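A.B. asks: Taking this note's numbering, the leading residue of the sequence shown gets 855, the next gets one more, and so forth. C-beta: ideal position from N, C-alpha, C; glycine also. The structure presented is a predicted model; accordingly, all values stated were derived computationally and were not measured.
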Amino acid sequence: MFEFLPAERLKKKFEVFGHFYTIDLRSGERIDCRSVLEIVTKKDRPSPLDLLFEQPVDAVFIMMNPGSSLPLEEVNNLISGEQAGGLCASLVLTKPDTTQYQVMRIMQYCGWSHVRVLNLSDLRNPKGGKFVSQYRDIEERTGFTAHSLFSDERKNELLRHLNRKSQSPVVCAWGVSPGLDPLIERCLSKVSGTQGRIGLLKPHTENKYFHPLPTLQRAKMEWVNNMVAQINP
């Protein structure tokens, strides 16, 4: 079993950058979002930062939603719902959450320098149950689906973000909640034919992949070990 590297050690090696924005819906609501997250070794950080978008990554992770990560700089990116299909992303330094430290552990043991994290939905809500209720409510009430990178309106953006090195994986890690089914189906309709799609599949399911951050500490360690074993059999 690999050493479970502490966050303080990981922060010395890796930096995290994200694109944050707020959508102004026709209903008058404003929803806070994050479209993409870039995790990169400090020595490989380019200047300007947006060059990260042009670089093929070592892996793409697809998770549920952005969780609790926060921008460490002031962000004022307000767009209308109609503009969500043509996002022009700009990156800011981001405070990582515990899920992203799990990804850094994978990067450390696989020798990776740059990983991109995408989500089934861009909605920033750290509570999984509340997130499911939120996205369902927004879609049912307003018909707005472009909070998801896997919506038809954002297909060109998705194509850019899936750019990765030859033989590099797309790691499915969005969790096992049945409330995610519509988002999972939307995602798989876009990436089902993608080469190198992997993940820790829940037994007796076809599309439920274990999230990097289970409740128990031992389970967190097992997720890292099992994921590394799948990447490097």
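Which word fits V1030, buried or exposed, when buried means at least 16 other C-beta atoms lie within 10 angstroms of its C-beta?
C.D. replies: exposed
A.B. asks: What are the boundary residues of the beta strand (DSSP E) that includes K867?
C.D. replies: Here K867 belongs to no beta strand (DSSP E); instead the alpha helix (DSSP H) covers A861 to K867.
A.B. asks: Restricting to Cα atoms, I'd like to know which of P950, F985 and A1000 is closest to S889.
C.D. replies: A1000
A.B. asks: So what does DSSP say about P1057, is it helix, strand or coil?
C.D. replies: coil
A.B. asks: Using a 10 Å radius around the Cβ and a threshold of 16 neighbouring Cβ atoms, would you call M855 buried or exposed?
C.D. replies: Answer is exposed; the Cβ neighbour count stays below 16.
A.B. asks: Would you call N973 buried or exposed, if buried means 16 or more other Cβ atoms sit within 10 Å of its Cβ?
C.D. replies: Counting Cβ neighbours within 10 Å, N973 comes out buried, since at least 16 surround it.
A.B. asks: L972 bridges to which residues according to DSSP?
C.D. replies: DSSP lists I916 as partners of L972.
A.B. asks: With which residues is G1029 paired in a DSSP beta bridge?
C.D. replies: Y1063
A.B. asks: What span of residues does the beta strand (DSSP E) with S889 cover, start to end?
C.D. replies: Note, S889: beta strand (DSSP E), R884 to T895.
A.B. asks: Does DSSP put V929 in a helix, in a strand, or in coil?
C.D. replies: coil
A.B. asks: Of all Cβ atoms in chain B, is any one closer than 9 Å to the Cβ of G1029?
C.D. replies: Within the model displayed, chain B is absent; a lone protein chain is all it includes.
A.B. asks: In chain order, which alpha helix (DSSP H) runs of at least 4 residues are fully inside the region 937-1016?
C.D. replies: 952-964, 982-996 and 1009-1015
A.B. asks: Cα-Cα, which of L932, L924 and N1010 is closest to D878?
C.D. replies: L932
A.B. asks: How is the alpha helix (DSSP H) around S901 delimited, first residue to last?
C.D. replies: Neither: S901 is in no alpha helix (DSSP H) and is coded neither H nor E.
A.B. asks: G921 by DSSP, collapsed to three states: which one?
C.D. replies: coil
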